[in-house]
Amino acid sequence: MSIQFDIEKFGRQPETIAQLVRSDDVFSLMRRRVALPPACAALVRARGGQAHHVPGGGTVEADGASEILFVRTTPVDLHYDVPSLRSEDGYDFSATVELTICVVPERSELELLRKVLLGSGSRVDIGRIRKFCEEPVRSALTEFSRTRSAADLSAATTWDKFDAVLDERFKPVGFASGLALGPDPRVTFASPAFTESRRMESTAALRRQRLEADAQLRSASVEAKRAHLSQLQDVLSKARALAERNDGVGVASLLQTFSASERGELYLALAASNESTVRTEAILVVAGNELLWLDPSKLGEPVRRLPLDSPVGGLRSVRVAQAGDTRTILVGASRGIHVVDIGEGPRDTYACEESTAVRGGFNAASIIGERLFATHSEIGLVSWRIGAPEDQELCLADLTEGASTVRDVQSEDSGRLWFSVDDRLIGWRPDSDEPPCTIHAPDVIATSTICDGFVIAGLGDGRVVRWPLMDLTAMETIRGPSRNKVRSICWMSGGGVPRLLIADGRSHLDMQVLGDAHYGVYRCAQAVRWGFGADDCIVGVNANRDQVFVWRLHAPDKPTETVSIGRLCGHSIQDVALLAAAAPDADDQSSSPPSA
Numbered sequence: 000m001s002i003q004f005d006i007e008k009f010g011r012q013p014e015t016i017a018q019l020v021r022s023d024d025v026f027s028l029m030r031r032r033v034a035l036p037p038a039c040a041a042l043v044r045a046r047g048g049q050a051h052h053v054p055g056g057g058t059v060e061a062d063g064a065s066e067i068l069f070v071r072t073t074p075v076d077l078h079y080d081v082p083s084l085r086s087e088d089g090y091d092f093s094a095t096v097e098l099t100i101c102v103v104p105e106r107s108e109l110e111l112l113r114k115v116l117l118g119s120g121s122r123v124d125i126g127r128i129r130k131f132c133e134e135p136v137r138s139a140l141t142e143f144s145r146t147r148s149a150a151d152l153s154a155a156t157t158w159d160k161f162d163a164v165l166d167e168r169f170k171p172v173g174f175a176s177g178l179a180l181g182p183d184p185r186v187t188f189a190s191p192a193f194t195e196s197r198r199m200e201s202t203a204a205l206r207r208q209r210l211e212a213d214a215q216l217r218s219a220s221v222e223a224k225r226a227h228l229s230q231l232q233d234v235l236s237k238a239r240a241l242a243e244r245n246d247g248v249g250v251a252s253l254l255q256t257f258s259a260s261e262r263g264e265l266y267l268a269l270a271a272s273n274e275s276t277v278r279t280e281a282i283l284v285v286a287g288n289e290l291l292w293l294d295p296s297k298l299g300e301p302v303r304r305l306p307l308d309s310p311v312g313g314l315r316s317v318r319v320a321q322a323g324d325t326r327t328i329l330v331g332a333s334r335g336i337h338v339v340d341i342g343e344g345p346r347d348t349y350a351c352e353e354s355t356a357v358r359g360g361f362n363a364a365s366i367i368g369e370r371l372f373a374t375h376s377e378i379g380l381v382s383w384r385i386g387a388p389e390d391q392e393l394c395l396a397d398l399t400e401g402a403s404t405v406r407d408v409q410s411e412d413s414g415r416l417w418f419s420v421d422d423r424l425i426g427w428r429p430d431s432d433e434p435p436c437t438i439h440a441p442d443v444i445a446t447s448t449i450c451d452g453f454v455i456a457g458l459g460d461g462r463v464v465r466w467p468l469m470d471l472t473a474m475e476t477i478r479g480p481s482r483n484k485v486r487s488i489c490w491m492s493g494g495g496v497p498r499l500l501i502a503d504g505r506s507h508l509d510m511q512v513l514g515d516a517h518y519g520v521y522r523c524a525q526a527v528r529w530g531f532g533a534d535d536c537i538v539g540v541n542a543n544r545d546q547v548f549v550w551r552l553h554a555p556d557k558p559t560e561t562v563s564i565g566r567l568c569g570h571s572i573q574d575v576a577l578l579a580a581a582a583p584d585a586d587d588q589s590s591s592p593p594s595a
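Position 401, counted from 1, in the sequence shown is what numbering that gives the first Met the number 0 calls 400; the numbers after and before it change by one each time, with no gaps.
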């Protein structure tokens, strides 16, 4: 008869904690005793039912034995990862526990182990021990975490207190099974949410310190800057006086006699001296189904919110239209235009009856004479008679059919209407029989504006070009090509120095001085998608279209005001326009539409 159980092999299998064998599988005629290794014990049950304990290093005799429970007495290392814990102050935590479990090498304890853990089986392994001990570990962690704050759970000095809680929870399990909790269990707690909260608090504290330091520096330097600005404005005053005495010589021409660095400072001084010419009453923002009015000096909460729910669909664009002395806000929607009174007056909706399904919306609108015109990349150029929304007309369909983009409808002083179709600019007099004129640009037109006797276009390849309205064959390149598509252009003429504000998706806006190689930079910590200029401020929208920034003209280093539109209404920005407190001169437009 062969012997099936080998005590030496049992000692080399650390995964096995206890093994129950019959005496016939241990002993033979020639082998009547087995020496136990020091790290093992045995519970020997006699054929009459009585059991006795053999300690490690002892000898198990064959006489009278019916079955033998061999037990490993070395500590068993267990590891638990427990998620979904909650601190007293509501933070989610996970915990890692490392502990040791020992088999108590006494007869009564081994009897319990055989009854509870072995049951009707013949083997107890580490997996069975781990599963058996998991409930008291989880229970101890739950109790420990819910009675302590997140800060306490994150502190290593608190973790030692877990030992007593775990010991209390383990005692009933140990008493029932013959197991004992080893010394010095280890626990660690982790909470990404609390870690991020502390990081934000630390960042906020550092930011407060920086702001305080910045305020002190600004306070210390404000007098020096004021004195320097006063000197620069004296130079500008002399330049203006000289220009007035010499017909045909402008301030811009005189400033170009200074060095590049001097011109940069003089242009900023010019902006500072011109900042109060025309005040921006509101920044108009279209987001979701609302038109928001924001105060540029204190963005915060909107000063006015106008819901524009309508069958013409989601909102897409906003423009301020000037018709004589009357200004009107035009809000483009998916299938029509809302005409909104600047005050609290009436609102009209002009719906497009085009039957085809559309995904986008009307990206620009303008009032020319007695008609409202609007561009839609999928529909084309649409016109309605003011006061008669049912009087709708699809204009110049032969020029827009099959186009990818139809954008930026606007008018020049003579009443000629302009809009872009892919890489073409179309000029048309709706009240005349003369055919429309077409200008071909060297790349797709992403945005355009009419100002100062020019039609200006920002292109997909980063170029900015312009054509004189008096000679549409003479194209001039204002800015060369780049890797960045021009998203918006805005012409500004404050102080007699024409400038172009350019946004192309980088983390700043370019202020190009026309006729000069110099350009300024309005910096931002984020990429800027669109830029809008007025006499008293610069406004930008970030690339994610969820924040609005405001710069003062003479402070280009960073925005002075920021607001999260996503936080205010839960929607991204579709378009922005600036509403001036007083109507600008015809040749001094303060904003131009972006094209998205």
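From the three backbone atoms N, C-alpha and C, an ideal C-beta is built for every residue, glycine too.
Per-residue DSSP class, three states only, for residue i
i, result
"glutamine 49", "coil"
"alanine 192", "helix"
"leucine 424", "strand"
"threonine 399", "helix"
"arginine 498", "strand"
"serine 153", "helix"
"threonine 202", "helix"
"serine 410", "strand"
"glycine 10", "helix"
"aspartate 340", "strand"
"serine 27", "coil"
"aspartate 535", "coil"
"leucine 298", "coil"
"glutamine 215", "helix"
"lysine 224", "For lysine 224, the predicted structure reports a pLDDT of 49, less than 50, and the residue's modelled location is therefore unreliable. A value from the coordinates is still provided. Lysine 224 falls in the helix class under three-state DSSP."
"glutamine 208", "helix"
"leucine 293", "strand"
"leucine 283", "strand"
"leucine 567", "helix"
"serine 316", "strand"
"glutamine 588", "With a pLDDT of 42 at glutamine 588, under the threshold of 50, the predicted position of this residue should be treated as unreliable, though the coordinate-derived value follows. It is coil, neither helix nor strand."
"proline 583", "In this prediction, proline 583 has a pLDDT of 45, which is less than 50 and means its spatial position is unreliable; what the coordinates show is noted afterwards. Of the three classes helix, strand and coil, the one that applies to proline 583 here is coil, per DSSP."
"serine 22", "helix"
"arginine 522", "strand"
"arginine 415", "coil"
"arginine 551", "coil"
"lysine 557", "coil"
"arginine 358", "coil"
"arginine 197", "helix"
"leucine 578", "strand"
Residue i - containing alpha helix (DSSP H), residue span
i, result
"arginine 31", "First-last for arginine 31: undefined, no H or E at that position."
"isoleucine 366", "Taken as a continuous stretch (DSSP letters only), isoleucine 366 belongs to no alpha helix (DSSP H), being part of the beta strand (DSSP E) at 361-367."
"arginine 168", "161-176"
"glutamate 560", "Counting along the chain, glutamate 560 falls outside any alpha helix (DSSP H), though it belongs to the beta strand (DSSP E) covering 560-563."
Extent of the continuous beta strand (DSSP E) run through residue i
i, result
"valine 81", "75-85"
"glutamine 511", "507-512"
"methionine 93", "Per the sequence shown, the amino acid found at residue 93 is serine instead of methionine. From DSSP, the beta strand (DSSP E) with serine 93 extends over 91-102."
"alanine 350", "346-350"
"threonine 325", "325-332"
Assumed close pair residue i, residue j - CB separation to whole angstroms, cut-off 8 Å
i, j, result
"leucine 112", "valine 70", "7 Å"
"leucine 116", "leucine 98", "Wrong, their Cβ atoms sit about 17 Å apart, outside the cutoff."
"threonine 327", "alanine 579", "The pair is not a contact, with the Cβ atoms about 14 Å apart (cut-off 8 Å)."
"threonine 446", "serine 481", "Going by Cβ atoms, the distance from threonine 446 to serine 481 rounds to 15 Å, so no, they are not a contact pair."
"serine 316", "glycine 331", "4 Å"
"valine 186", "valine 96", "5 Å"
"valine 540", "arginine 528", "5 Å"
Beta-bridge pairing of residue i - partner residues as DSSP gives them
i, result
"aspartate 308", "The partner list for aspartate 308 (beta bridge, DSSP) is empty, contrary to what the question assumes."
"asparagine 541", "Val527"
"isoleucine 385", "Answer by DSSP bridge pairing: none, since isoleucine 385 is not bridged."
"threonine 187", "Thr95"
"glutamine 573", "Its beta-bridge partners do not exist; DSSP assigns none."
"leucine 371", "Ile366 and Trp383"
"threonine 58", "Ala34"
"glutamine 546", "Ser563"
"valine 43", "His51 and Ile67"
"threonine 15", "Asp124"
Quiz prompt | Those runs of the beta strand (DSSP E) which lie wholly inside the region 104-149 and span at least 3 residues | solution = 122-124
Quiz item: Enumerated in chain order, which unbroken segments of the beta strand (DSSP E) with a length of 3 residues or greater are wholly contained in the region 426-491?
Solution: 436-439, 444-450, 453-458, 463-467, 475-478 and 487-491
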